[in-house]
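First up is the structure itself, then whatever we jot down about it.
Residue numbers (our numbering): 826 to 954.
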């Protein structure tokens, strides 16, 4: 096989694919797409092993852990997710907006500064959702 020869064309995402990463042993390729999905591909056969879903916006970064057992994904939904490569299970979601979409309309006793802080952490008031 020549070094410039196409081995496989991997089809399966519905939109752009801004990020790909090889597992440490180069047997699996992960692709993160603007369709909110992550796909794990068998490099040798070109088949999709798993589709990981859980992000609510584009997945624009993927990377494997050094041992290849965990995949990390970053998304425009402002979350980072850790995935078990073997099972496809989402192990953890990291998010720095703990009050995302919490409606604080009518909450009594909050100062303007407290309301601004809660909004910066994702809270909303009626009409802002």
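Beta carbons are placed, not taken as given, at the ideal position from N, Cα and C, and that holds for glycine.
If we call anything under 8 Å between Cβ atoms a contact, is residue i one with residue j?
i           : j           : result
residue 886 : residue 844 : yes
residue 853 : residue 841 : no
residue 891 : residue 897 : no
residue 868 : residue 856 : no
Tell me residue i's beta-bridge partners as DSSP assigns them.
i           : result
residue 908 : 896 and 915
residue 853 : 867
residue 942 : According to DSSP, residue 942 bridges with nothing at all.
residue 886 : 899
residue 845 : 856
residue 920 : 904
residue 831 : The partner list for residue 831 (beta bridge, DSSP) is empty, contrary to what the question assumes.
residue 949 : 928
residue 876 : 864
Give the single residue among the options whose Cα lies nearest to the Cα of residue i.
i           : options               : result
residue 911 : 837, 860, 945 and 876 : 876
residue 947 : 921, 864 and 862      : 921
Can you tell me the Cβ-Cβ gap for residue i and residue j, rounded? I've got them flagged as a contact below 8 Å.
i           : j           : result
residue 950 : residue 930 : 5 Å
residue 871 : residue 833 : 3 Å
residue 908 : residue 883 : Contact flag wrong, Cβ pair sits at about 16 Å.
Does any C-beta atom of chain D lie closer than 8 Å to the C-beta of residue i?
i           : result
residue 949 : The structure shown contains no chain D, having only a single protein chain.
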